[in-house]
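Just so you know, the first sequence maps onto residues 7 to 1000 in the numbering used here. One structure is given here, and the rest of the page talks about it.
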Amino acid sequence: MDYQFKKIESEWQQFWAENQTFKAENHSSKPKYYVLDMFPYPSGAGLHVGHPLGYIASDIFARYKRLKGFNVLHPMGYDSFGLPAEQYAIQTGQHPAITTEQNIATYRRQLDQIGFSFDWSREVRTSSPDYYKWTQWIFMQLFNSWYNLETDKAEPISTLIQKFEAEGNHAIKAASDEDVLSFSAEEWIAFSNIEKQEQLLKYRLTYLRESTVNWCAALGTVLANDEVKDGFSERGGYPVEQKKMMQWSMRITAYAERLLQGLDMIDWPEPLKEMQRNWIGKSVGAMVEFEVEPVVGNFKLSQDSPLEPAKIAVFTTRVDTIFGVTFVVLAPEHELVKDLTTPDQREAIEAYIDQAKKKSELDRMADTKTVSGAFTGSYVVNPLNNDKIPVWIADYVLAGYGTGAVMGVPSGDARDHRFATHFNLPIVAILDTQKEVVKEADATKEGHYINSGFINGMNYKEATATVIAKLEEMGAGKAKVNFRMRDAIFGRQRYWGEPVPVYFKEGLPQLIDESELPLVLPEVDKYLPTESGEPPLARAENWKYQNEFEYELSTMPGWAGSSWYWYRYMATKEERAENVFAPREAIDYWKDVDLYIGGSEHATGHLLYSRFWNKFLKDLDLVVEEEPFKKLINQGMIQGVSEKVFRSIGKTKMIWYHNEHNNRYSYIPTPDGNAYNVYYSEDATFQSDSTQLSNVPISLCNKSILDISKYIEQFDLDYNDTIFITKDACLFKGQWYDQSSESELVPYKPSSNQQQRDFYTKSEVEKMSKSKWNVVNPDEMIERYGADTLRMYEMFLGPLEQSKPWNTNGIEGVFKFLRKFWKLFHDDAFNFRVINEAPTKAELKSLHKIIKKVEDDVERFSFNTSVSSFMIAVNELTEIKCAKRSILQDMVVILSPYAPHICEELWKLLGNEAGILSYAEFPKFNPEFLVEDAFSYPISINGKTKTNLNIPLDLDQKEVEAMVLADESVQKYLAGQQPKKVIVVKGRIVNMVV
RNA sequence: GCUCGGGUGGUGGAACUGGUAGACACGCAGGACUUAAAAUCCUGUUCCCGUUAAAGGAGUGCGGGUUCGAUUCCCGCCCCGAGUACCA
7 MDYQFKKIES
17 EWQQFWAENQ
27 TFKAENHSSK
37 PKYYVLDMFP
47 YPSGAGLHVG
57 HPLGYIASDI
67 FARYKRLKGF
77 NVLHPMGYDS
87 FGLPAEQYAI
97 QTGQHPAITT
107 EQNIATYRRQ
117 LDQIGFSFDW
127 SREVRTSSPD
137 YYKWTQWIFM
147 QLFNSWYNLE
157 TDKAEPISTL
167 IQKFEAEGNH
177 AIKAASDEDV
187 LSFSAEEWIA
197 FSNIEKQEQL
207 LKYRLTYLRE
217 STVNWCAALG
227 TVLANDEVKD
237 GFSERGGYPV
247 EQKKMMQWSM
257 RITAYAERLL
267 QGLDMIDWPE
277 PLKEMQRNWI
287 GKSVGAMVEF
297 EVEPVVGNFK
307 LSQDSPLEPA
317 KIAVFTTRVD
327 TIFGVTFVVL
337 APEHELVKDL
347 TTPDQREAIE
357 AYIDQAKKKS
367 ELDRMADTKT
377 VSGAFTGSYV
387 VNPLNNDKIP
397 VWIADYVLAG
407 YGTGAVMGVP
417 SGDARDHRFA
427 THFNLPIVAI
437 LDTQKEVVKE
447 ADATKEGHYI
457 NSGFINGMNY
467 KEATATVIAK
477 LEEMGAGKAK
487 VNFRMRDAIF
497 GRQRYWGEPV
507 PVYFKEGLPQ
517 LIDESELPLV
527 LPEVDKYLPT
537 ESGEPPLARA
547 ENWKYQNEFE
557 YELSTMPGWA
567 GSSWYWYRYM
577 ATKEERAENV
587 FAPREAIDYW
597 KDVDLYIGGS
607 EHATGHLLYS
617 RFWNKFLKDL
627 DLVVEEEPFK
637 KLINQGMIQG
647 VSEKVFRSIG
657 KTKMIWYHNE
667 HNNRYSYIPT
677 PDGNAYNVYY
687 SEDATFQSDS
697 TQLSNVPISL
707 CNKSILDISK
717 YIEQFDLDYN
727 DTIFITKDAC
737 LFKGQWYDQS
747 SESELVPYKP
757 SSNQQQRDFY
767 TKSEVEKMSK
777 SKWNVVNPDE
787 MIERYGADTL
797 RMYEMFLGPL
807 EQSKPWNTNG
817 IEGVFKFLRK
827 FWKLFHDDAF
837 NFRVINEAPT
847 KAELKSLHKI
857 IKKVEDDVER
867 FSFNTSVSSF
877 MIAVNELTEI
887 KCAKRSILQD
897 MVVILSPYAP
907 HICEELWKLL
917 GNEAGILSYA
927 EFPKFNPEFL
937 VEDAFSYPIS
947 INGKTKTNLN
957 IPLDLDQKEV
967 EAMVLADESV
977 QKYLAGQQPK
987 KVIVVKGRIV
997 NMVV
């Protein structure tokens, strides 16, 4: 029988499901290997060919590892809480759970068709209560913990209370809010319960606090920093504004240093690690305090203690440049601005603040060129040389970073330089290597200091240390590490998410009792915020205890459920009934994820939060590894190839027309002067104000030629309303006309050749999306070529990590390869026929070449090259008409990770028990079979390869050299001369210099 | 602007640590089989010159360098992609 992929694939998929072939055990004598994919959000659009790319790669690896004798965990699930289902619910009233359920069914069907070796018995869904019970449980652990900076780990909040009772909080080094009160043990004990709770909240790892948040009015919710891109929401692209709100946050900043250090321990792509480093944004520098110069009469001393002069603290990474400071700039929002403004500057300052306020976040970001600012009228004193330095405000200083104030060193910093030049402030060079600092800033650290008091003559390293020491001695500053990363906002004013397991008593948050978990998402009549602006959960009516307490109404963000899910997979279905998120023995066995595959778009979201929660769980001794994902690979995105046509904007009476003779475009009236929808082919026009480029469905195009009749049909157009123009013809009222060679489209003569003309579309590579009509569905591909072909083709397309456009053209080649492979086992009439003879040297050579190649390639995730090697091997075996059982059986095993269905079938036909992965072993490589009698020997003369010799292996080096030199062709190139130099590498002459 | 990737035939892409550049596949051209088409198989396919065949020359974005030898290493530049951005 010919290669019947449909029959084979459906039968084996059924077999795998019925026999639970891929079910993983939590106990094994084999070494463990955990292969994880980033689980998908089940969207309504289903999978396109780009989605499974990473899943196919991980599946190949998982199957390969099983053949190599590992106990492999390879699970799959769904990140099923999320915005699209909720927005669909708002529009249609359908409960998001129902939509989600339907979408999951589609995903499951599509995934099953591809033949993945997932252990579906361990499936998780973040939206199912028995899962989010543990998401809520982890939240409660965070609430009940604080971060001890001395032990550098999270600890139960009870230990903090003990410390407070014993010694107050003076000596405690903890990650906390900035505005903690300072109290002694006695004061603590004297606090009321409410006061105690308020103070503790400032230390908890998840806390409620008034903070500036990204508020998206259109979505009716707050968003985390990583969910905002350029002032717009990542999902939906709605404007986002800054707003102060009471919000749940996660104290991820406590882990900043560990998150940074941990990156050095893991095998992740460098760009991704770099993104996390930038996000964490550690900068090492110093805090310097500049005393405000008291001016009698117009200046108010600091409010807290009027006897002490006010100080402006700045953060800098270059304290060594402190002698070059010629001004200090505050953010317009800085709290001291009001106090520092002198009466005669009040008007200017207020005007500036006003103007800065009006500027949206976006304008402010876009406009980095223009310099603006205003002088407060006050001065500060440089602590090291007592210079009087003017204090300005400017919006290039951000209130949210560092102290919201900077020292201006125009000779070393480009922005400071621009500012100084614009406002005519002095510029002082501080290093002997700086030249022309009046013209341009020079941020060098080279050279020796000048104009810099006691550090004159020092180098950068000495100067930095000396300045910090001096500042510390004077009490005017200290070394300081600053992080850019902020705490993560955790609450969302949405319905379709995990409820926060909190109620309020006397205005303070209390955890619900653990026995009440899961706190199930209540039913609501509508999924919109209430009329008074409260989140949708305020509509819940039959919530448990609703009358006793006030519940927290926000839900958790999308990343909550995905920040620990890999541990849930470790629990078998049976173990999930137990009262733990994953059994301890399972965690001890599986430990961490050995290989994680997914997109790089999660760099600063999911992957950072997961590392954070993992470290926290490690601190509580609930898990064993500091880092959750040992190795990570980012699969590239598969883009779509869109087809586009130029189209008139609305109906028009004028047509762009290309005159071939003078190669000009002219604008001429339609044949009858009426208005038409006009379509231009790619070669017939250019984009002008009156045309637009619009996508046409790729299903209506073949090799960039549009099927006009299908297009008319699908979009319900009328031939009588529409003109199609190609390079040399025109479709007018359903009739093709040749363009008159003279110039215009008139006179219209029906063309002599009435056949369809080619109407070319313009191809462009874009992201695959429904709205661009360029989605290629894996179902279609599987229907036509089968899953094995799709799997291999997706790998063959190019390196896994690279983004590339989907191109169906090459898929035939892979399909042909599988047919050829099938035919190796069959005679010309497609009867199964293999023979039991001993393999020949040539056959063994082909086999062992491919064993080695596949091993090497899979181990370094170069799946594309191993597909090529399969093709070579099968071509070789076809050439020598190999039908030997021992060879072919090994070939089946080697190929099975890539094309599992056909391999299972052949495995069985070869007389083995079904279920290749249950007991097949990856064949052992034996280098002996690759040894040859003679080897092809390239010889270069003067670096250019000139000739190729076959040298028998049994010669020693001297004999080889003699043979090479005696060779006719070599003699010819040497032209009678003796080589001046003979280069020998590994006993081989590779090059001769004449 | 900064950081990180990357530039190789008509196309997707090979070349693991410097050692025969262009594997493998698509496409294209020619041929076989066929009444014909499809399918299949065979041959050729970097470019230039030449041609019965050979032989020769150039060639991995551009310019330079190190080396017996560079797609690979170093310096300078150009272009494309991704991330990030008054972060002091």
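Backbone N, C-alpha and C fix where the C-beta goes; we use that ideal spot for every residue, glycine too.
Look at the segment 318 to 363 and you find these whole runs of alpha helix (DSSP H), each 4 residues long or longer: 343 to 346. Pairing Phe635 with Gly604, the inter-Cα distance amounts to about 12 Å.
Around the beta-carbon of Tyr153, 16 or more other beta-carbon atoms lie within 10 Å, marking it buried.
Going by DSSP, Trp742 is part of the beta strand (DSSP E) stretching over 741 to 744. In summary, Asp519 is exposed, with fewer than 16 beta-carbon neighbours lying within 10 Å of its beta-carbon over all protein chains present. The Cβ-Cβ distance between Phe238 and Val246 falls below 8 Å. With 16 or more other CB atoms across the displayed protein chains lying within 10 angstroms of its CB, Asn640 is buried. In the DSSP annotation of this structure, the continuous segment of the alpha helix (DSSP H) that includes Ser872 starts and ends at 869 to 885. Shown here, Thr98 sits in a helix according to DSSP, grouped into three states. Using a Cβ distance threshold of 8 Å, Gly483 and Ala292 count as a contacting pair. Within the same chain, Val651, Arg653, Phe730 come within 6 Å of Tyr685 by CB-CB distance, once the 5 residues on both sides are set aside. Excluding the 5 residues flanking it on each side, Val873 has same chain C-beta neighbours closer than 6 Å at Met798, Met801, Phe802, in chain order. Taking every protein chain shown into account, the CB of Ser198 has fewer than 16 other CB atoms within 10 angstroms, so this residue is exposed.
With respect to the 8 Å criterion, Thr376 and Thr348 are not classified as neighbours on the basis of their beta carbons.
Note that the C-beta distance between Pro929 and Val899 is below 8 Å. Of the residues Glu633, Tyr358, Met256, Thr322, the one whose Cα lies closest to the Cα of Glu339 is Tyr358.
For Asn620, there is no enclosing beta strand (DSSP E); the residue is part of the alpha helix (DSSP H) that begins and ends at 612 to 625. Taking a C-beta distance under 8 Å as the contact criterion, Met146 and Pro507 qualify as a contact pair.
In the DSSP assignment, Tyr138 falls within the alpha helix (DSSP H) that extends over 135 to 149.
Look at Ala981 here: in three-state DSSP terms it is coil, with no helix or strand label. Boundaries of the alpha helix (DSSP H) harbouring Lys855: 847 to 865, taken from the DSSP string. Around the C-beta of Gly503, 16 or more other C-beta atoms lie within 10 Å, and the residue is accordingly described as buried.
Inclusion of Trp619 and Trp572 in the CB contact set at 8 Å is not warranted, their separation being larger than that value. By the neighbour-count criterion, in which 16 or more other beta carbons inside 10 Å mark a residue as buried, Phe867 falls on the buried side. Gln698 is bridged by DSSP to Arg653.
In this model, Ser133 and Arg574 are separated by some 13 Å (Cα to Cα).
Nearest to Arg500 by alpha-carbon distance, out of Tyr113, Arg545, Thr728, Phe823, is Arg545. Linking Tyr113 to Pro903 through their CA atoms gives a straight-line distance of about 22 Å.
In the three-state scheme derived from DSSP, where H, G and I count as helix and E and B as strand, Phe489 is classed as strand. Taking 8 Å as the upper bound for CB-CB distance, Ile711 and Tyr766 are in contact here, some 6 Å apart. Apart from sequence neighbours up to five positions away, the residues of its chain that approach Lys486 with a beta-carbon distance below 7 Å are Gly291, Ala292, Met293, Phe321, ordered along the chain. Taking C-beta atoms under 8 Å as the contact rule, Gly414 and Val334 qualify, at a distance of about 6 Å. Inclusion of Pro563 and Gly226 in the CB contact set at 8 Å is not warranted, their separation being larger than that value. According to the DSSP secondary-structure assignment, Phe831 is paired through a beta bridge with no residue. Around the C-beta of Ala566, 16 or more other C-beta atoms lie within 10 Å, and the residue is accordingly described as buried. Considering only Glu92, Arg215, Ile989, the residue with the shortest C-alpha distance to Val530 is Glu92.
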